Amino acid sequence: MGFPLFIILQLLDLLTTVWFTHHGLREGNPFVLWFVKFMPSFTVGLIVIKLWAVGMGYIAYRTANRLFFRLTNPLFVLVVLWNLYWILVTT
Numbered sequence: 010m011g012f013p014l015f016i017i018l019q020l021l022d023l024l025t026t027v028w029f030t031h032h033g034l035r036e037g038n039p040f041v042l043w044f045v046k047f048m049p050s051f052t053v054g055l056i057v058i059k060l061w062a063v064g065m066g067y068i069a070y071r072t073a074n075r076l077f078f079r080l081t082n083p084l085f086v087l088v089v090l091w092n093l094y095w096i097l098v099t100t
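In the numbering used here, the protein residues as written are 10 to 100.
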């Protein structure tokens with residue numbers, strides 16, 4: 010379930026981040042803020058980052074690197090919950 014869950018979490022992070030940035034909240038990840046400066050829009054930059062992340066997840070899946078998913082999936086659960094918290098607090 011590692012790779013499918015990873016993809017779902019990336020999609021949820023993308024959707025919640027796009028939602029709250031379009032409603033006046035600010036992205037908190039400094040790498041994302043730096044990277045999106047080179048993209049046509051914040052959303053395009055975020056999609057590129059998420060595609061890169063899914064690519065890394067695919068490599069981990071193909072090489073049977075379960076540690077990757079044991080470390081990243083709980084982290085992204087927290088990120089999505091954090092995003093949802095701010096969405097609920099600000100609406």
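All C-beta atoms, glycine included, are put in the ideal place defined by N, C-alpha and C.
Computed from a prediction, not measured in an experiment: that's the story for all the values here.
Quick one: Cα of residue i to Cα of residue j, how far?
i, j, result
"Pro13", "Trp43", "28 angstroms"
"Leu20", "Ile56", "9 angstroms"
"Val89", "Ile16", "13 angstroms"
"Arg71", "Leu80", "17 angstroms"
Would you mind giving the Cβ-Cβ distance between residue i and residue j, rounded to the nearest angstrom? I have them listed as a contact below 8 angstroms.
i, j, result
"Leu18", "Phe77", "13 angstroms between Cβ atoms; not a contact."
"Thr26", "Asn74", "Actually they do not touch by this definition, with Cβ atoms about 25 angstroms apart."
"Thr99", "His32", "7 angstroms"
"Leu97", "Lys59", "Actually they do not touch by this definition, with Cβ atoms about 23 angstroms apart."
"Gly37", "Asn82", "The Cβ separation is near 20 angstroms, so there is no contact."
Quick one: what's got a C-beta closer than 6 angstroms to residue i's C-beta in the same chain, skipping five residues either side?
i, result
"Gly54", "Phe44, Val45 and Met48"
For the alpha helix (DSSP H) that contains residue i, what are its first and last residues?
i, result
"Thr100", "Run containing Thr100: none; DSSP gives neither H nor E here."
"Thr30", "Gly11 to His31"
Within its chain, find whatever has a CB closer than 7 angstroms to the CB of residue i; leave out the 5 residues flanking it on each side and keep chain order.
i, result
"Trp95", "Phe29 and Leu34"
Problem set entry | Any alpha helix (DSSP H) of 4 or more consecutive residues that is wholly inside the segment 34 to 67 | 39 to 45
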